[in-house]
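What follows is a set of notes on a single structure, which appears directly below.
Numbering (the numbering used here), first residue to last: 2 to 271.
Structure representation (structure tokens):
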């Protein structure tokens, strides 16, 4: 693929990230806003402080944030740094995915959709400590489609081929979920949330063994290191909630993008 294709993918990623900002900041349940945000499907983008409509030239991903010097053009309130971070993270993740998978196929597109949904989960969990079921359902559908894209299924043999191709991943996912489900019950939800359990199931189902196992272990270590750093900096205590779903999503994205490289490591666990 040529350079213009990758520039196009990066711009698409910025646009998708900009849309994710709409989803994140209009998410139902945000109690920090002075004004109730419009439903996702209705209304133009507005300042969440003064309610003024944001013009198109102030909606250019990343660029507008810095041109406006991180403030609303009208009321001058400081804008969240999350805006450019979400846009840049989405664009970078999609670019890395296509760079590492130069042959564009339906499988690559399905992987890109999964990665995009995981990016959204990362920032929703960071901001609200919530993983919405609607997004998890979308993710589940995308995962099932991705796992079957390389399988030619005859209508008469659909059930047989479908169950055979997914049975191993499903068994592993259930086992992985059962372990963390026990931790959830024992801790009464203090160590991880129900949304995390659902996400772990989808991780195991998507990646299978041993990749799913390694991804969860990586997420646990990332969360532990992050927590220790916060505690050392006295920005958190041992009882502070952390967005574990975000670390699960980050690990899954890494294992999707660098699947070929990590498969070599995974062979030692087979």
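Backbone N, C-alpha and C define an ideal beta-carbon position, used for all residues, glycine too. Remember, it's a predicted structure, so these values are computed and weren't measured experimentally.
Our contact map puts residue i next to residue j with C-beta atoms below 8 Å; I'd like the distance itself, whole angstroms only.
{"i": "residue 15", "j": "residue 92", "result": "5 Å"}
{"i": "residue 126", "j": "residue 18", "result": "In fact, because the Cβ distance is near 16 Å, the residues do not count as touching under 8 Å."}
{"i": "residue 128", "j": "residue 230", "result": "Wrong, their Cβ atoms sit about 20 Å apart, outside the cutoff."}
Hey, out of the options, whose CA is closest to residue i's CA?
{"i": "residue 105", "options": "10, 186, 178, 85", "result": "10"}
{"i": "residue 274", "options": "88, 78, 81, 114", "result": "For residue 274 there is no data in the structure shown, the boundaries of the chain being 2 and 271."}
{"i": "residue 23", "options": "103, 124, 190", "result": "124"}
{"i": "residue 114", "options": "224, 21, 4", "result": "21"}
{"i": "residue 250", "options": "235, 7, 196, 241", "result": "196"}
{"i": "residue 212", "options": "253, 19, 100", "result": "253"}
{"i": "residue 7", "options": "73, 94, 28", "result": "94"}
{"i": "residue 134", "options": "144, 122, 128", "result": "122"}
{"i": "residue 169", "options": "132, 142, 208", "result": "208"}
{"i": "residue 99", "options": "58, 5, 149", "result": "5"}
{"i": "residue 76", "options": "90, 263, 55", "result": "55"}
Give a yes or no on whether the C-beta atoms belonging to residue i and residue j are separated by under 7 Å.
{"i": "residue 85", "j": "residue 66", "result": "yes"}
{"i": "residue 185", "j": "residue 193", "result": "yes"}
{"i": "residue 256", "j": "residue 220", "result": "no"}
{"i": "residue 83", "j": "residue 244", "result": "no"}
{"i": "residue 205", "j": "residue 180", "result": "no"}
{"i": "residue 102", "j": "residue 78", "result": "no"}
{"i": "residue 199", "j": "residue 137", "result": "yes"}
{"i": "residue 238", "j": "residue 201", "result": "no"}
{"i": "residue 225", "j": "residue 248", "result": "no"}
{"i": "residue 96", "j": "residue 258", "result": "no"}
{"i": "residue 203", "j": "residue 132", "result": "no"}
{"i": "residue 71", "j": "residue 80", "result": "yes"}
Label residue i either buried or exposed according to how many other C-beta atoms from any shown protein chain fall within 10 Å of its C-beta, with 16 as the threshold for buried.
{"i": "residue 266", "result": "exposed"}
{"i": "residue 110", "result": "exposed"}
{"i": "residue 118", "result": "buried"}
{"i": "residue 120", "result": "buried"}
{"i": "residue 48", "result": "buried"}
{"i": "residue 12", "result": "exposed"}
{"i": "residue 188", "result": "exposed"}
{"i": "residue 218", "result": "exposed"}
{"i": "residue 53", "result": "exposed"}
{"i": "residue 45", "result": "exposed"}
{"i": "residue 27", "result": "buried"}
{"i": "residue 142", "result": "exposed"}
Would DSSP call residue i helix, strand or coil?
{"i": "residue 128", "result": "helix"}
{"i": "residue 47", "result": "strand"}
{"i": "residue 147", "result": "helix"}
{"i": "residue 158", "result": "Because the pLDDT of residue 158 is 49, which lies under 50, any placement of that residue in the model is unreliable, and the number read from its coordinates should be weighed accordingly. Of the three classes helix, strand and coil, the one that applies to residue 158 here is helix, per DSSP."}
{"i": "residue 54", "result": "strand"}
{"i": "residue 153", "result": "Here the model assigns residue 153 a pLDDT of 45, short of 50, so the residue's position is not dependable and the matter cannot be decided."}
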